[in-house]
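Protein chains in written order, with the working numbering: chain Z, 2 to 158; chain V, 2 to 158. Cβ coordinates follow ideal geometry from the N, Cα and C atoms, glycine included. This report concerns only the one structure given below.
There are 2 protein chains.
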Amino acid sequence: MRLTTKGRYAVTAMLDLAFHSQIKPVTLTEIATRQTISLSYLEQLFARLRRAGMVKGVRGPGGGYTLSQKTNEINIADIIAAVDEPIDSTKCGGEANCQKHQACLTHDLWVGLSEQIKDYLKSITLADLLEKHHVQEVAKRQDQNTQHIIELTRHTG
Amino acid sequence: MRLTTKGRYAVTAMLDLAFHSQIKPVTLTEIATRQTISLSYLEQLFARLRRAGMVKGVRGPGGGYTLSQKTNEINIADIIAAVDEPIDSTKCGGEANCQKHQACLTHDLWVGLSEQIKDYLKSITLADLLEKHHVQEVAKRQDQNTQHIIELTRHTG
DNA sequence: TACTTAACCAAGTGTAATAGTCAACTATTG
DNA sequence: CAATAGTTGACTATTACACTTGGTTAAGTA
Numbered sequence: 002m003r004l005t006t007k008g009r010y011a012v013t014a015m016l017d018l019a020f021h022s023q024i025k026p027v028t029l030t031e032i033a034t035r036q037t038i039s040l041s042y043l044e045q046l047f048a049r050l051r052r053a054g055m056v057k058g059v060r061g062p063g064g065g066y067t068l069s070q071k072t073n074e075i076n077i078a079d080i081i082a083a084v085d086e087p088i089d090s091t092k093c094g095g096e097a098n099c100q101k102h103q104a105c106l107t108h109d110l111w112v113g114l115s116e117q118i119k120d121y122l123k124s125i126t127l128a129d130l131l132e133k134h135h136v137q138e139v140a141k142r143q144d145q146n147t148q149h150i151i152e153l154t155r156h157t158g
Numbered sequence: 002m003r004l005t006t007k008g009r010y011a012v013t014a015m016l017d018l019a020f021h022s023q024i025k026p027v028t029l030t031e032i033a034t035r036q037t038i039s040l041s042y043l044e045q046l047f048a049r050l051r052r053a054g055m056v057k058g059v060r061g062p063g064g065g066y067t068l069s070q071k072t073n074e075i076n077i078a079d080i081i082a083a084v085d086e087p088i089d090s091t092k093c094g095g096e097a098n099c100q101k102h103q104a105c106l107t108h109d110l111w112v113g114l115s116e117q118i119k120d121y122l123k124s125i126t127l128a129d130l131l132e133k134h135h136v137q138e139v140a141k142r143q144d145q146n147t148q149h150i151i152e153l154t155r156h157t158g
């Protein structure tokens, strides 16, 4: 799981889409203008999002893009994964050229952390963010000292 | 908060350091060899980590690097922040050129998410990861499909 | 004091991803 | 048919990444 500007653009655009596509499709031109992202770059991002089945394109006048799922069914991790290149964070690629035991140990730790982040982002949907915005203002005032209990499911190979 | 290979290298190297610098300083050459990272690249990363006050360099024979804090005082977010370039994720830079209200709304949402991720990574320390590894080995043997409940104390600034 | 070690430092390089452009094509609407 | 807007591909500039080279400085050791 990588977090780059590209992923941020994608999430931002999807949020914009979630906001505005309630009634009719939203054109990329609108999103590009609102979010100050290059239209052609957006086209590339949405090509991937479409292939991932997250948005639907409607051609012709009055067309544009709509979400192909509900906002509470689209999570952040999937959006980012859709636009990012897949990457093997291990370098040793599992076991092949990895002779050093100590090296794999720290690799394991990172992969574990990476999975945690992924799971975390998977648990956050567009709906959460949209809803959260209202709550945020309240929470900002409360400014309380919480303890996070994070539940992690381990994927066994 | 960005998540790139650079940050991964930094975290990996710090984990390696945490493992091996218990008794004596660890040379970058050792880490470079173990983690198959270029020595000079490591030097650059550690220059930043040193400036951030996370590691101490010891010159001369028998020298190397040690952690300047305890493993439970060093969190992942700080490591990543130390090596990454600072980036303004807003593009509107607060308020200056941001005329569009709708744009800032989604920006807010992203910034909020970004803060969440940061807080999350702030709550995970090197000690957590090292400790987790022991648990992992046990879990691996048991080979059961368990659900880990990991309780992380959030450090408030 | 000379030598070795290893941190420290600066400048440069190749590569790949990012961010964006340009141009064409297809489907839909009116 | 014309306008709209998605779809696609190729191409370019910029940048960060990952790494290299070639040093200097400080601290031990012979």
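Distance from ALA11(V) to VAL84(V) at the Cβ level is roughly 4 Å; contact confirmed, criterion being Cβ atoms closer than 8 Å. Contact check between the segment 62-72 of chain Z and the segment 25-44 of chain Z: three or more CB pairs, one atom from each, fall below 8 Å, which counts as touching. Boundaries of the beta strand (DSSP E) harbouring LYS57(V): 56-59, taken from the DSSP string. Contact annotation: the segment 105-118 of chain V does not touch the segment 50-63 of chain V, with fewer than three C-beta pairs closer than 8 Å.
Between THR126(V) and ASN76(V) the beta-carbon gap is near 5 Å, inside 8 Å, which marks them as a contact.
Here DSSP, grouped into helix, strand and coil, assigns GLY113(Z) to helix. Using beta-carbon distances, ILE77(Z) counts as an interface residue toward chain V, with a partner under 8 Å. The Cβ neighbour count for SER22(V), taken over all protein chains shown within 10 Å, is at least 16; the residue is labelled buried. DSSP places THR5(V) outside both helix and strand once states are collapsed to three, so it counts as coil. Shown here, ASN73(Z) sits in a helix according to DSSP, grouped into three states.
Distance from the CA of ARG9(Z) to the CA of ASN73(V), rounded to the nearest whole angstrom, comes to 30 Å. Not a single C-beta of chain Z is nearer than 8 Å to the C-beta of VAL27(V).
Nearest CB-CB separation between TYR121(V) and chain Z: below the 8 Å threshold. Going by beta carbons, LYS119(V) and ALA78(V) fall inside the 8 Å limit. In this structure, THR107(V) keeps its C-beta atom at 8 Å or more from the C-beta atom of GLN45(Z).
When DSSP states are grouped into helix, strand and coil, THR13(Z) belongs to the helix group. Secondary structure of THR34(Z) (DSSP, three-state): helix. In this structure, LEU122(V) sits away from LEU16(V), with a CB-CB distance that is not shorter than 8 Å. Per DSSP, the continuous alpha helix (DSSP H) segment holding SER41(V) begins and ends at 40-52. THR67(V) is outside the set of residues whose beta carbon lies under 8 Å from a beta carbon in chain Z.
Take MET55(V), set aside five residues on each side of it, and the residues of its chain with a beta-carbon closer than 8 Å to its own are MET15, LEU68, SER69, GLN70, ILE75, ASP79, ILE80, ALA83, in chain order.
Put simply, the backbone Cα of PRO87(V) is about 30 Å away from that of GLU132(V). Contact between LEU4(Z) and LEU50(V) does not hold, since their C-beta atoms are separated by about 20 Å, which reaches or exceeds 8 Å.
For GLY65(Z), the enclosing beta strand (DSSP E) covers residues 65-68.
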